[in-house]
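Asker: Shown below is the structure under consideration.
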Amino acid sequence: MDDVYAGLLFTRTDLALSAMRYVQGIEDPAIFNHSMRSYLYGRFLGEQQGLHPGRDYDDELLFLGCLLHDAGLSAEGNGDQRFDMDGADLAARFLTDQGVSPERVEVVWDAIALHLHYEIAMRKRPEIALVTAGAGFDLGPEGPHTLPAGYADRVHASLPRLHAAAVLYDAIVGQAIDKPHKAPPFSMPGELVRQETQAVWPTWKQLMTQSPSWNDYDGYQPEG
């Protein structure tokens, strides 16, 4: 791993280094840096919960989940699903090609596929939960945990933000404008597109009465 990251606690296995080079080659630098910071903050938040790498979770899997969690926003990862699902599938292909066992690939796939679903991810194993926690903390630190004095400055010196939140927004919306099915109504990508375009979402009743339907509203009278 490049000396620019010296002093930051990144796992340095051969697989981790290979994945880092791969992701750095396909992602926007702002998104790559966000993914790297997500690992640092995920690990920190785990420590605040008494979770320690090697004892309570697999540090390599946490790193891989964080590093690859937004790979669906790259040109290589841009398929025909929501970006989180595209990213999970791309990560699975990459890790499988690297000889990673199906059981370990599944953990990383779950971490990426669930990272937009906070309440679900938080109830999963640490390698999954801490990807979501770390990614969220990097975009908007909330809650009772405060970073050690000067730590964020050291992180940002090695991994500058490069307008991360704005770049992520533009990437998600840009993909979905080009392929609207990547941002279905009521999903997070769908909400960002709605904000950008001022589109009007259908109501529940409209969705349920579109043809073909089971006609659940025909003759229906609510109680009371």
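For the numbering used here, add 5 to where a residue sits in the sequence shown, where the first one is 1. By construction, the Cβ of each residue, glycine as well, lies at the ideal position given by its N, Cα and C atoms.
Let's test the definition: count the other Cβ atoms within 10 Å of the Cβ of N220 and tell me whether it reaches 16, buried, or not, exposed.
Answerer: N220 comes out exposed.
Asker: So the candidates are F88, A24, I125, A93; which of them puts its Cα closest to the Cα of D175?
Answerer: Of the candidates F88, A24, I125, A93, the one whose C-alpha sits nearest the C-alpha of D175 is F88.
Asker: Tell me, please, whether the segment 130 to 137 touches the segment 41 to 54 by the rule of three or more beta-carbon pairs shorter than 8 Å.
Answerer: Contact between the segment 130 to 137 and the segment 41 to 54 is present, because at least three Cβ pairs lie under 8 Å.
Asker: Looking only at C-alpha atoms, which of N38, G77, S218, E81 sits nearest to A93?
Answerer: It is G77 whose Cα lies nearest to the Cα of A93.
Asker: Reducing DSSP to helix, strand and coil, say where P58 ends up.
Answerer: In this structure, P58 counts as strand in the three-state DSSP scheme.
Asker: Would H120 pass as a contact of A35 if the rule is Cβ separation under 8 Å?
Answerer: No, the Cβ-Cβ distance between H120 and A35 is not below 8 Å.
Asker: Identify, in the order they occur along the chain, each residue of the same chain with its Cβ nearer than 8 Å to the Cβ of Q29, setting aside the five sequence neighbours on each side.
Answerer: If we look at Q29 and ignore the five residues flanking it on each side, its Cβ neighbours are F37.
Asker: Which word fits E108, buried or exposed, when buried means at least 16 other C-beta atoms lie within 10 angstroms of its C-beta?
Answerer: Exposed.
Asker: Going by other Cβ atoms of all chains shown within 10 Å of its Cβ, with 16 needed for buried, is V205 buried or exposed?
Answerer: Looking at its Cβ environment, which holds fewer than 16 other Cβ atoms inside 10 Å, V205 is exposed.
Asker: Under DSSP, the alpha helix (DSSP H) around R159 begins and ends at which residues?
Answerer: Where R159 is concerned, the enclosing alpha helix (DSSP H) stretches over 156 to 163.
Asker: Given a threshold of 16 other Cβ atoms within 10 Å of its Cβ, counted over all protein chains shown, does S79 qualify as buried or as exposed?
Answerer: Classification of S79: buried, given that the 10 Å Cβ count is 16 or more.
Asker: Can you tell me whether L212 is buried or exposed? The criterion is at least 16 other CB atoms within 10 Å of its CB, across all chains shown.
Answerer: Exposed.
Asker: Given the structure, does E196 come close to the ligand ZN, in the sense that its CB is under 7 Å from one of the ligand's heavy atoms?
Answerer: This structure lacks the ligand ZN, and indeed carries no ligand of any kind.
Asker: Consult DSSP for T151 and reduce its assignment to one of helix, strand or coil.
Answerer: In this structure, T151 counts as coil in the three-state DSSP scheme.
Asker: Over what stretch of residues does the alpha helix (DSSP H) that includes T214 continue unbroken?
Answerer: First-last for T214: undefined, no H or E at that position.
Asker: Tell me which residues share the same chain as A126 and place their Cβ nearer than 6 Å to its Cβ, disregarding the 5 neighbours each side in the sequence.
Answerer: For A126, where only same-chain residues beyond five positions count, the Cβ hits under 6 Å are L119, I133, A134, T137.
Asker: Rounded to whole angstroms, how far is the Cβ of H74 from the Cβ of A116, which I believe are closer than 8 Å?
Answerer: Contact flag correct, Cβ pair sits at about 7 Å.
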